[in-house]
Amino acid sequence: MDTKVVSRAFAGSLPVDNAQALASKNLKNIPSRYIRPEVEFVLINHGIADELIEKIKIDTQEFFKFPLEEKMAYAQLPNEIEGYGQTLVRSVDQKLDWSDMLFLFPLAVPLRNMRFWPTNPPSFRETFDKYSTELHKVTIYLINRIAKNLGTDPEMLSSIFEDGAQAIRTNYYPPCAEVPVKPIPGALIVNIGDIIEEKERLSMAAFHSPKVGTEIGPLADL
Numbered sequence: 013m014d015t016k017v018v019s020r021a022f023a024g025s026l027p028v029d030n031a032q033a034l035a036s037k038n039l040k041n042i043p044s045r046y047i048r049p050e051v052e053f054v055l056i057n058h059g060i061a062d063e064l065i066e067k068i069k070i071d072t073q074e075f076f077k078f079p080l081e082e083k084m085a086y087a088q089l090p091n092e093i094e095g096y097g098q099t100l101v102r103s104v105d106q107k108l109d110w111s112d113m114l115f116l117f118p119l120a121v122p123l124r125n126m127r128f129w130p131t132n133p134p135s136f137r138e139t140f141d142k143y144s145t146e147l148h149k150v151t152i153y154l155i156n157r158i159a160k161n162l163g164t165d166p167e168m169l170s171s172i173f174e175d176g177a178q179a180i181r182t183n184y185y186p187p188c189a190e191v192p193v194k195p196i197p198g199a200l201i202v203n204i205g206d207i208i209e210e211k212e213r214l215s216m217a218a219f220h221s222p223k224v225g226t227e228i229g230p231l232a233d234l
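Here's what the structure looks like:
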């Protein structure tokens with residue numbers, strides 16, 4: 013593997029970065045984009061096994077395909093976001109998104125509310141635990157790289173997140189029924205693709221924050 017430069021290909025408009033190259037002692041110049049607030053990129057060679065990623069997808073999709081009454085056993089409580097359901101439902105008359113959501117707080121472990129963790133499929137809890145743990149490792153690794161790029165102590169910065177909170181939101185978009193369109197003179201018909209009609213989609217977004225009680229402010233050594 014060439015570790016002299018960060019591997020950059022493009023997936024759509026997002027740069028693809030190689031975690032192994034970032035970790036290399038031969039890499040002298042870490043891209044400045046890692047300290048910009050608008051940074052967004054694709055990370056490869058991150059250390060999370062492909063088998064685990066595939067397993068979390070399979071288990072999650074299987075859960076979403078269960079009957080509604082079974083999924084409702086893990087439903088959100090009023091005015092709460094954790095659990096199965098939709099985001100910010102304020103009224104029975106509200107138009108909902110064509111999607112299901114499962115929002116969990118895997119970390120910190122002592123604060124887990126297992127009431128919202130599905131027990132079916134049987135492997136879900138174990139898989140989700142492993143995935144969240146591995147994802148947290150990647151997060152700490154990236155924070156260390158950001159600290160080094162800033163010229164500050166990596167251990168000091170990453171320690172703030174070691175016992176911090178992690179939230180994972182999983183969104184499931186089932187196939188959407190085709191909607192017939194009646195032509196209107198002078199109107200434009202915008203077709204955004206068959207994917208919303210024929211194929212299911214699954215996305216998982218993870219959010220990491222410092223541990224409770226952390227005082228946020230400028231780093232002393234900057």
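Quick note: the sequence shown uses this note's numbering, first residue 13, plus one each step. Glycine included, each C-beta is placed from N, C-alpha and C at the ideal position. The structure presented is a predicted model; accordingly, all values stated were derived computationally and were not measured.
Query                                                                                                                                                : Result
Could you check the C-alpha separation between Arg165 and Leu154 for me, to the nearest Å?                                                           : What sits at residue 165 in the sequence shown is Asp, not Arg. Roughly 13 Å between the two C-alpha positions.
Taking buried to mean at least 16 other C-beta atoms within 10 Å of its own C-beta, is Thr226 buried or exposed?                                     : exposed
Please determine, among Glu94, Asp112, Phe78, Val54, the residue with the shortest C-alpha to C-alpha distance to Leu123.                            : Glu94
How about Gln73 and Glu212: are their beta carbons less than 9 Å apart?                                                                              : yes
Roughly how many angstroms lie between the CA atoms of Leu231 and Val150, to the nearest whole one?                                                  : 22 Å
Ignoring anything shorter than 3 residues, give me the beta strand (DSSP E) runs that lie fully in the region 70-138, in order along the chain.      : 95-97, 112-119
Taking buried to mean at least 16 other C-beta atoms within 10 Å of its own C-beta, is Leu235 buried or exposed?                                     : In the structure as shown, the chain starts at 13 and stops at 234, and residue 235 therefore has no counterpart that could be examined.
Which of helix, strand or coil does DSSP assign to His220?                                                                                           : strand
Give me whichever residues DSSP pairs with Asn183 in a beta bridge.                                                                                  : Met113, Ser215
Which residues in the same chain have their Cβ closer than 8 Å to the Cβ of Leu147, if we skip the five residues on either side of it in sequence?   : Ile60, Gln178, Ile180, Ala218
Given this structure, state the Cα-to-Cα distance separating His220 from Lys194, to the nearest angstrom.                                            : 46 Å
Is DSSP giving Ile56 helix, strand or coil here?                                                                                                     : strand
Could you tell me if Arg127 is buried or exposed, where buried requires 16 or more neighbouring beta carbons within 10 angstroms of its beta carbon? : exposed
Rounded to the nearest angstrom, what separates Val224 and Leu119 at their Cα positions?                                                             : 12 Å
Give the straight-line distance between the Cα atoms of Arg137 and Ser171, rounded to the nearest whole angstrom.                                    : 27 Å
Can the beta-carbon of Ile68 be found closer than 9 Å to that of Tyr143?                                                                             : yes
With DSSP run on the structure shown, which of helix, strand or coil describes Ala232?                                                               : coil
Tell me where the alpha helix (DSSP H) around Glu167 begins and ends.                                                                                : 166-174
How about Phe140 and Asp233: are their beta carbons less than 9 Å apart?                                                                             : no
Where DSSP assigns a beta bridge to Ala177, which residues make up the other side?                                                                   : Ser221
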